[in-house]
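Residues 4 to 318 in our numbering are what the sequence shown lists, from first letter to last.
Positions of the beta carbon are idealized from the N, C-alpha and C atoms, including for glycine.
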Amino acid sequence: MGRELVTRDATEGARELLALLEHLDGRALLAGQHNQPVHGSAWTDWATGTGGAVPALWGQDIGFSPPGTLDGIDRRGANVEEAVAWHRRGAVVCLTWHAVCPLDDEPVEFEGGVLRSVDEGVIEEVLRPGSALHDRWAAQVDVAARFLLDLQEAGVPVLWRPYHEMNGPWFWWGGRPEPLRALWRQLFDRLVHHHGLRNLVWVWNPNSAYDSALPFAPFYPGHDVVDALAVDTYGGHWEQEHYEELLRLADGRPVGLGEVGELPSAAVLEAQPRWCWFMAWPDVVAEANAPEQVRALYEHERVVDLEALRRHRAG
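Now the structure itself:
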């Protein structure tokens, strides 16, 4: 029997999703592609055409920016429908949440609204029930919860990656270990206990520890609120020490590549065999990889596309 999810009474779909990741651990990894709200599934279509197979994992963002822009909040309803459709086709759905800073009201621009620094006192107030910023934070979480509840009602389990890259200082939630751990646990409590969300597989997802990103461990919120771990990596950073540090933290939990620009090579997959999925990031994946590199990865014997995933589930 596999590991239990951190959410009690998790949906059958969420339990099956975690069991799938555990089955893949050390054997194979899901091919994945992130999309952007304004484009719907256009980047999955790009990956399909370039790689020669449909990705097994469909990624999307809840959105935060003005209507009609890249991460526009006006696309939420449409992207719930897209997520449901991909789930019915057999794909794994992965959602990223670029949360708006509680000092601001959505919609916001990426720079200054999500990508921004705040004083430590701001986070402390967000963590203090009854404060004005805590209430603003809760209201923003409730908007995200509506998106997730729509998917729960449709029977869609979700690989859920909030507050990603928290070990770097670029997002408002990042760079400070103790507040981040508390913020993660506060989010878990509101989504799971207040809203009753049971379809989430909680993915804790730092950035590879290079440049201004710090080591992973101080930011880890605890085994009781994390189902799987992932790491974001760009610029060809495949350091073995980062992989091994994540495995130590995971303590047997599945690990994945939350965001990649440069795709992992056959040599990387040989040296780091425990990755259960990768999710390529729009624009960067096309800029950083020649078409033959994309196809080579999708044709790799360890990579699972949508058709292979459907065969696995059917058999």
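| Classification of Q243 by the beta-carbon crowding that lies within 10 angstroms, buried from 16 upward | exposed
| message | For A274 and W241, I'd like the C-alpha separation in whole angstroms. | response | 10 Å
| query | Quick one: Cα of W100 to Cα of D74, how far? | reply | 11 Å
| request: Less than 8 Å between the CB atoms is what I'm expecting for D28 and R277, so what's the real figure, rounded? | output: 6 Å
| Are three or more beta carbon pairs between the region 256-264 and the region 225-241 nearer than 8 Å? | yes
| request: Under 8 Å by Cβ, that's how I've got G43 and A86 pegged, so tell me the actual separation to the nearest angstrom. | output: Their Cβ separation, rounded to whole angstroms, is 11 Å, which puts G43 and A86 out of contact at 8 Å.
| The beta strand (DSSP E) spanning H37 covers which residue range? | 32-37
| message | Once the 5 residues before and after L350 are set aside, which same chain residues still bring their CB inside 6 Å of it? | response | Given that the chain is displayed from residue 4 to residue 318, the structure contains no residue 350 and the question cannot be resolved.
| field | First and last residue of the uninterrupted alpha helix (DSSP H) at T53 | value | 45-54
| said: Quick check on the DSSP output: the beta strand (DSSP E) that includes G225 runs from which residue to which? | reply: From DSSP, G225 is part of no beta strand (DSSP E); its letter is neither H nor E.
| field | L300 vs V307 beta-carbon contact at 9 Å | value | no
| task | Measure the alpha-carbon distance for V31 versus E84 and round it to whole angstroms. | result | Correcting the residue type first, residue 31 is Ala in the shown sequence and not Val. Their Cα atoms are separated by approximately 29 Å.
| message | Threshold first: 3 residues or longer. Then list the beta strand (DSSP E) segments lying entirely within the region 115-192, N to C. | response | 161-165
| query | When you compare only the Cα positions, how much space is there between L312 and E128? | reply | 45 Å
| query | In or out: D2 buried (at least 16 other Cβ within 10 Å) or exposed? | reply | In the structure as shown, the chain starts at 4 and stops at 318, and residue 2 therefore has no counterpart that could be examined.
| request: Decide yes or no for the touch test of the region 148-167 against the region 104-118: beta carbon pairs closer than 8 Å, at least 3 of them. | output: no
| field | Identity of the residue in V57, E156, D153, L118 nearest R92 by Cα | value | V57
| Can you name the start and end residues of the beta strand (DSSP E) that E262 belongs to? | 258-263
| request: Measure the Cβ-Cβ separation of W89 and W61 and say whether it is below 9 Å. | output: yes
| request: Kindly indicate which three-state DSSP category L217 falls into: helix, strand or coil? | output: coil
| Just reading off the beta strand (DSSP E) that W278 is part of, what are its end residues? | 278-283
| Secondary structure at V83, three-state DSSP: helix, strand or coil? | helix
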